[in-house]
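Written below as structure tokens is the structure these notes are about.
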Amino acid sequence: MEGTRITVFDTTLRDGEQSPGCSMNVHEKVRLARQLDQLGVDVIEAGFPIASDGDFGAVQAIAAAVPRPIIAGLARAAHHDIERAAKALQSAIRPRIHVFLATSDIHLQHKLRISRQQCLEQAATSVRLARTFCDDVEFSPEDATRTDPEFLFQVLDAVIEAGATTLNIPDTVGYTVPAEFGDLIRNIRERVRGIERATISTHCHNDLGLAVANSLAAVANGARQVECTINGIGERAGNASLEEIVMALRVRADKYPYYTAIATEHLYPTSQMLEEITGIAVQPNKAVIGRNAFAHEAGIHQDGMLKNRLTYEIMTPQSVGVPDSKLVLGKHSGRHALSLRCEQLGYHFERRELDDIYRRFVVLADEIKHVHDHHLLELIRESDGESHRIPPSRVPAERAEAVAAGAEEARRLFPAGVPSEFSAVSLPANAVPDHHSEQEDYLWGV
Ligand SMILES: [Mn+2]
74 MEGTRITVFD
84 TTLRDGEQSP
94 GCSMNVHEKV
104 RLARQLDQLG
114 VDVIEAGFPI
124 ASDGDFGAVQ
134 AIAAAVPRPI
144 IAGLARAAHH
154 DIERAAKALQ
164 SAIRPRIHVF
174 LATSDIHLQH
184 KLRISRQQCL
194 EQAATSVRLA
204 RTFCDDVEFS
214 PEDATRTDPE
224 FLFQVLDAVI
234 EAGATTLNIP
244 DTVGYTVPAE
254 FGDLIRNIRE
264 RVRGIERATI
274 STHCHNDLGL
284 AVANSLAAVA
294 NGARQVECTI
304 NGIGERAGNA
314 SLEEIVMALR
324 VRADKYPYYT
334 AIATEHLYPT
344 SQMLEEITGI
354 AVQPNKAVIG
364 RNAFAHEAGI
374 HQDGMLKNRL
384 TYEIMTPQSV
394 GVPDSKLVLG
404 KHSGRHALSL
414 RCEQLGYHFE
424 RRELDDIYRR
434 FVVLADEIKH
444 VHDHHLLELI
454 RESDGESHRI
464 PPSRVPAERA
474 EAVAAGAEEA
484 RRLFPAGVPS
494 EFSAVSLPAN
504 AVPDHHSEQE
514 DYLWGV
């Protein structure tokens, strides 16, 4: 990978969980945290330990169950909050305490009822306290984008001095626009004392549909951590969507010389798992992981796709873990279609085990018309699916094969600098007849 590494901070389990209808129990949170680990996120914000015993327990359980990533716990800038977060993170190998305090006048006057001077002192004192528990301390000036910039720089100076290692700049209310936010990040980089010792982070909300654009503008101006969520869930209109940020950086590496450690082929399975756990459906036209993100309906598009996928695809479905074809599984689907779909989702089953899933699949398909991927993943999970996961090492191999088919074409049509696995691939010459010969086994649309 070339370029600069961007840290991916996932807050699906904290900010995401705060959105209506998205609350999860401890068991579900641990399950999703394990999936986020597979996906390769750098930081998992596991919860807000002071908020409830459930949140405390979830942070504790995730810290114990998922050793690789940094596990963050959120705390207000208050003694009791910080202690509680530290306690929940006790078994984490790489704990992070994330302290926040609002800095905008509107929040200081109407919510906190404290002066700027009190705010400055409280921020520094809290960060100093957090550092007594943990070397990794993140500070967020809540509502940063509506804070007087001069005061914001003062607060950031003070918290760096107090030992903050990450400075997160939240657009709490989703108010900023890309050029303005980019300027703010650049000014922070130029104006805040000791900034070279800390990582600048972003946390953008999507109230104007600009969360991803704002995050990318921040990265282009010096932010090295992005906070985001799976499916873009979060307070109100949600947070910046992890899958969109990651794929924008990968597909447009020519414009954004940055990379993340995300294993992109896990994006779709992770999105599906979240949908299954929360019951909140992803909008069909959602970028990257929506049901229609790789569906081509218009006749002229279909014609182009069949001749060469480069005509209408800027990334392959496989690169984000979306099974290639638009299979519709129903009660008329055979074992072969079921088995194929399982493999496309990353699971391999022997005949006898497949029979078991198939029996339950038919019962389910009788009740509901279409069996979607998240239903199937649920059936797989009930059958101890984790032990049937296809090793990740096979995924790039399959992808390499697919890429090889279209590589020549891709080199011709895409400018240099576009990573080859995302330069979409021609359909192999035999792909269409193959699928057609299996039509009795499943229905499919191009
Ligand atoms: Mn937020």
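Remember, my numbering sits 73 above the position in the sequence shown when you count from 1. The beta-carbon is built from N, C-alpha and C at its ideal position, and this holds for glycine as well. In this text, all values refer to a predicted model and were calculated from it rather than measured experimentally.
- Taking 8 Å as the cut-off, the Cβ atoms of Ala-165 and Ala-197 do not count as close.
- Here Glu-316 really is in contact with Ile-362; their C-beta atoms are around 5 Å apart, less than 8 Å.
- Taking C-beta separations shorter than 7 Å and ignoring five residues to either side along the sequence, the partners of Leu-185 in its chain run Ala-175, following chain order.
- Per the DSSP secondary-structure output, Ser-274 pairs in a beta bridge with Asn-241 and Gln-298.
- With a cut-off of 8 Å on Cβ pairs, the segment 290 to 308 is in contact with the segment 246 to 257, counting three or more such pairs.
- With respect to the 8 Å criterion, Ala-138 and Ala-106 are classified as neighbours on the basis of their beta carbons.
- The C-beta separation of Pro-396 from Leu-418 comes to about 7 Å, placing the pair in contact by the 8 Å criterion.
- For Arg-259, the closest alpha carbon among the candidates Ile-387, Thr-272 and His-443 is that of Thr-272.
- Of the residues assessed, Ser-199 falls on the buried side of the cut-off, its CB having 16 or more other CB atoms within 10 angstroms.
- Counting only the Cα atoms, Val-285 lies some 27 Å from Asp-128.
- According to the DSSP secondary-structure assignment, Phe-212 is paired through a beta bridge with Val-172 and Leu-240.
- Placement of the Cβ of Gly-305 at a distance of 7 Å or more from every heavy atom of ligand 1 is found.
- Taking 3 residues as the minimum length, the beta strand (DSSP E) runs contained wholly in the segment 93 to 176 are 116 to 120, 143 to 149 and 168 to 175, in order along the chain.
- Val-81: member of the beta strand (DSSP E) spanning 80 to 83, first to last residue.
- Exclusion of His-409 from the 7 Å shell around ligand 1 follows from its C-beta lying no nearer than that to any non-hydrogen atom of the ligand.
- Residue range 222 to 234 is occupied by the alpha helix (DSSP H) that includes Ala-231.
- With respect to the 8 Å criterion, Thr-337 and Arg-323 are classified as neighbours on the basis of their beta carbons.
- About 6 Å separates the beta carbon of Ala-159 from that of Cys-207, a gap short enough to meet the 8 Å contact definition.
- DSSP places Thr-249 outside both helix and strand once states are collapsed to three, so it counts as coil.
- Take Gly-267, set aside five residues on each side of it, and the residues of its chain with a beta-carbon closer than 8 Å to its own are Asp-230, Ile-233 and Glu-234, in chain order.
- When the five nearest sequence neighbours on each side are left out, the beta carbons in the same chain lying within less than 6 Å of the beta carbon of Gln-133 are those of Ala-161, in order along the chain.
- Under the criterion of beta carbons closer than 8 Å, Leu-240 and Ser-274 qualify as touching, at roughly 7 Å.
- For Ile-306, no alpha helix (DSSP H) run applies, since DSSP gives it neither H nor E.
- Using a Cβ distance threshold of 8 Å, Leu-225 and Pro-214 count as a contacting pair.
- If the five residues before and after Leu-193 are omitted, its C-beta is found closer than 7 Å to the C-beta atoms of Gln-227, Val-228 and Ala-231, all from its own chain and listed in chain order.
- In this structure, Val-246 lies away from Arg-264, with their beta-carbon atoms at least 8 Å apart.
- Here Tyr-431 carries a helix assignment [DSSP, helix/strand/coil].
- In this chain, Glu-90 is not harboured by any alpha helix (DSSP H), its DSSP state being neither H nor E.
- Put simply, the backbone Cα of Phe-173 is about 23 Å away from that of Met-97.
- Apart from sequence neighbours up to five positions away, the residues of its chain that approach Arg-408 with a beta-carbon distance below 8 Å are Leu-427, Asp-428 and Tyr-431, ordered along the chain.
- Here Ala-321 has Val-285, Leu-289 and Tyr-329 as same chain residues with Cβ atoms under 8 Å from its own Cβ, once five neighbours each way along the sequence are excluded.
- With a beta-carbon spacing of about 6 Å, His-278 and Asn-312 fall inside the 8 Å limit used to define contacts.
- Inclusion of Tyr-341 and Gly-305 in the CB contact set at 8 Å is not warranted, their separation being larger than that value.
- In this structure, DSSP gives Tyr-420 an extended state, which the three-state scheme calls strand.
- Residue burial is scored here from C-beta neighbours: Gly-352 has fewer than 16 other C-beta atoms within 10 angstroms and is therefore classed as exposed.
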